[in-house]
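The structure appears below as structure tokens.
Numbering (the working numbering), first residue to last: 9 to 254.
Written out as structure tokens, the structure reads:
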């Protein structure tokens, strides 16, 4: 894997908070008219340029938590402040704009556009933000993930590991301040898992990007200096574990 450093001009003030959650609750409607509670997060915070990993059992709300942080899903109540903006107070268009400008998202299922080449998929990550489309940066990111020779290949012409690397490059295309990664190694073969983790962490370090990565793998989690457990953040998981005797 090529290790190309990308210069960053702005310096992050020490201990600046990039992400802050307070009293965040989220539930989903059920066929019987009741609501199924998923999240009850009293507080959670991440500093600028800080890297943290979140581990927890399946079905505990990890992906839902990332969705509400990204503004893809709206919480029932509470505040989610990203770079001094409470996204809960924004309308859908405002959340979309903030996400395009300040958040990168690495999906577990890649979410690449099948009719677009690797380069076009990365460029797509720039079109929704205020930054100008930068072909040079897109090519640099793809070269960094080891796909400089696969620019014109479409997703069905790439391996699963290569598709995930394109997804990582796309998530970083708009120079986000916060990167959310949802089980980024779950669908990648073991030979490529470490490469994906190293790629995400090193690029975030180089570009002063705050990173919150969700994983079920302790092998991945143990590489982080900060490991947060969902049952310590989400009161509903704690309550369920206590009820089941775990």
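Glycine included, C-beta positions come from ideal geometry on N, C-alpha and C. None of these values were measured; they are calculated from a predicted model.
Of the residues the options, the one placed nearest residue i, counting alpha carbons only
i	options	result
residue 255	28, 63, 181	Residue numbering for the chain in the displayed model covers 9 to 254; residue 255 lies beyond these limits and cannot be assessed.
residue 164	122, 134, 178	122
residue 44	53, 50, 34, 52	34
residue 60	244, 233, 239, 245	233
residue 220	228, 197, 188, 243	188
residue 98	217, 205, 81	81
Neighbourhood of residue i by C-beta distance below 6 Å, restricted to the same chain and skipping five residues each side
i	result
residue 89	28
residue 158	126
residue 162	125
residue 52	29, 241
residue 133	178, 181, 182
residue 17	Caution is warranted here: a pLDDT of 41 is assigned to residue 17, below 50, making its placement in the model unreliable, and no coordinate value can be reported.
residue 244	45, 48
Residue i, enclosing beta strand (DSSP E) - first and last residue
i	result
residue 117	Neither: residue 117 is in no beta strand (DSSP E) and is coded neither H nor E.
residue 86	85-90
residue 237	235-237
Rounded C-alpha distance that separates residue i from residue j
i	j	result
residue 120	residue 175	7 Å
residue 207	residue 192	11 Å
residue 32	residue 39	24 Å
residue 252	residue 66	Because the pLDDT of residue 252 is 45, which lies under 50, any placement of that residue in the model is unreliable, and the number read from its coordinates should be weighed accordingly. The alpha-carbon atoms of residue 252 and residue 66 are separated by roughly 15 Å.
residue 9	residue 143	Because residue 9 carries a pLDDT of 46, less than 50, the predicted location of this residue cannot be relied on, and the following value inherits that uncertainty. Distance between the alpha carbons of residue 9 and residue 143 is about 20 Å.
residue 237	residue 49	12 Å
residue 205	residue 239	23 Å
residue 210	residue 169	18 Å
residue 167	residue 195	11 Å
residue 139	residue 68	36 Å
residue 117	residue 83	23 Å
residue 25	residue 186	11 Å
residue 71	residue 111	15 Å
residue 217	residue 145	16 Å
residue 235	residue 57	15 Å
residue 231	residue 198	16 Å
residue 91	residue 200	32 Å
Residues that DSSP places opposite residue i in a beta bridge
i	result
residue 112	187
residue 221	61, 189
residue 45	35
residue 94	89
residue 66	None, per the DSSP bridge assignment.
residue 53	28
Nonlocal neighbours in the same chain, by C-beta distance under 7 Å from residue i, ignoring five residues either side
i	result
residue 95	79, 88, 103, 106
residue 149	130, 177, 180, 181
residue 115	175, 190
residue 12	Note that residue 12 has pLDDT 42, beneath the 50 cutoff, so the model's placement of it is unreliable and no number is given.
residue 93	106
residue 155	126, 170, 173, 174
residue 54	26, 27, 60, 218, 220
Delimiting residues of the alpha helix (DSSP H) encompassing residue i
i	result
residue 201	198-214
residue 151	143-152
residue 242	Element bounds for residue 242: n/a, residue is neither H nor E.
residue 1	An answer regarding residue 1 cannot be provided, because it is not within the stretch 9 to 254 covered by the chain.
residue 162	Counting along the chain, residue 162 falls outside any alpha helix (DSSP H), and DSSP gives it neither H nor E.
residue 77	70-78
residue 134	126-135
residue 229	226-229
beta-carbon residue i near the ligand NAD non-hydrogen atom, thresh 6 Å
i	result
residue 230	The ligand NAD is absent from the structure shown, which contains no ligand whatsoever.
Own chain residues within Cβ distance below 8 Å of residue i, not counting five before or after
i	result
residue 141	131, 134, 135
Proximity test, Cβ basis, 7 Å: residue i and chain C
i	result
residue 222	No chain C is present in this structure, which holds just one protein chain.
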